[in-house]
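The sequence shown begins at -12 in this note's numbering and counts up one residue at a time.
Cβ coordinates follow ideal geometry from the N, Cα and C atoms, glycine included.
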Amino acid sequence: MNSFISMVLDIFKPASILDIAIIAIVGYNLYKMIKGTRAVQLLKGIAILLVLSFVSEFLGLTTVNWLLVKFQTVLFIAIPIIFQPELRRALEKIGTGSIWRVFKKTEDTPQNVMANANQIIRCMTYAAKNKTGVLIAIKRQMGLGEFVDTGIEIGGKLTAELLGNIFIVNTPLHDGAVIIDG
C-alpha cells in the first residue's frame, strides 16, 4: 500500500497537475471560442485530411500519402490566414481578460428564457403599433460571432424598453438590428 501511494505521488506531481489544468482550461476556452463559427467546419476538414494521411501511410499508398503530406505543409502555413478572425478574437479576449468569464455561471433557465421572450414580445408589440422595423437575432446553438464582432456590446438586462431604444430613430443606441445572447 505504501509503495502504491509513493508511486502515485511520483506520477502526479503538483507541476503535472498544474500542467494538465492549464491545458484543460486553454483547450476549453479554444473550444468555446470556435464553437458555432465556420472554424469548426475547417477543423473537421483538417482532421479528415490528417486521418486520410495516416490511412494512406498505413495502406502504403505512396503517392496519395506524399500529396497529403505536402498539403499539410501548405496547410500549416495557411492556418494563421484561415483562422485570422478567431486568432484575433482570442488575442483580444486575452488582452481584455474576458477569457476568465468561462467560470461565470450561465443563467439559461426556463424562467429566464420565458422572461426574455416576454420582453421581446412587448418590444415587438410596441414596434408594430409604431410601424417600426426591427431585426432581432437570438443566439442559441448556432454561433453568431462573426456578426457580434461588428456591433457594440451592451451587456445590459434584456428589457422591452432597452430593445425599443435600440430601434427608435435618432437615439444614441439606434440600430436596425440586435443580437440577443441567451
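Could you check the C-alpha separation between residue i and residue j for me, to the nearest Å?
{"i": "alanine 77", "j": "leucine 17", "result": "8 Å"}
{"i": "isoleucine 66", "j": "histidine 161", "result": "37 Å"}
{"i": "isoleucine 107", "j": "threonine 24", "result": "25 Å"}
{"i": "alanine 26", "j": "glycine 14", "result": "15 Å"}
{"i": "phenylalanine 90", "j": "serine -7", "result": "Because the pLDDT at phenylalanine 90 is just 48, under 50, the model does not fix this residue reliably, and the value given afterwards should be weighed accordingly. Between phenylalanine 90 and serine -7, the C-alpha separation is close to 34 Å."}
{"i": "valine 38", "j": "alanine 8", "result": "28 Å"}
{"i": "lysine 19", "j": "asparagine 117", "result": "39 Å"}
{"i": "isoleucine 141", "j": "glycine 32", "result": "35 Å"}
{"i": "alanine 2", "j": "isoleucine 81", "result": "23 Å"}
{"i": "isoleucine 47", "j": "isoleucine 139", "result": "The sequence shown places glycine at residue 47, rather than the isoleucine named in the question. Their Cα atoms are separated by approximately 54 Å."}
{"i": "lysine 126", "j": "threonine 96", "result": "15 Å"}
{"i": "aspartate 6", "j": "isoleucine -2", "result": "13 Å"}
{"i": "asparagine -11", "j": "isoleucine 12", "result": "33 Å"}
{"i": "alanine 34", "j": "arginine 75", "result": "22 Å"}
Between the beta-carbon of residue i and the beta-carbon of residue j, is there less than 8 Å?
{"i": "tyrosine 113", "j": "glycine 151", "result": "yes"}
{"i": "glutamate 79", "j": "isoleucine 21", "result": "no"}
{"i": "asparagine 103", "j": "leucine 145", "result": "yes"}
Which residues in the same chain have their Cβ closer than 6 Å to the Cβ of residue i, if we skip the five residues on either side of it in sequence?
{"i": "isoleucine 153", "result": "Leu160, Asp162 and Val165"}
{"i": "threonine 119", "result": "Phe154"}
So, under 8 Å CB-CB, residue i and residue j are touching, yes? Tell me the CB distance rounded to an integer number of Å.
{"i": "phenylalanine 58", "j": "leucine 36", "result": "7 Å"}
{"i": "serine 40", "j": "valine 56", "result": "6 Å"}
{"i": "methionine 111", "j": "valine 121", "result": "7 Å"}
{"i": "isoleucine 69", "j": "leucine 29", "result": "6 Å"}
Kindly list the residues whose CB is nearer than 7 Å to the CB of residue i, restricted to its own chain and excluding five residues on each side of it in sequence; keep chain order.
{"i": "glutamate 44", "result": "Asn52"}
Following a CB-centred definition, is residue i positioned closer than 7 Å to any heavy atom of the ligand FAD?
{"i": "glycine 47", "result": "The ligand FAD is not part of the structure shown, which contains no ligands of any sort."}
Can you find the residues in the same chain that come closer than 8 Å, C-beta to C-beta, to residue i, ignoring five residues on each side of it along the sequence?
{"i": "threonine 50", "result": "none"}
Note down, one range per segment and in chain order, each alpha helix (DSSP H) of at least 4 residues found wholly within the region 50 to 127.
List check, alpha helix (DSSP H) in window: 71 to 83 and 97 to 116.
Please give the ranges of any alpha helix (DSSP H) in the region 23 to 51, keeping only runs that are unbroken, at least 4 residues long and fully inside the region.
Counting only runs of 4 or more, we get 26 to 46.
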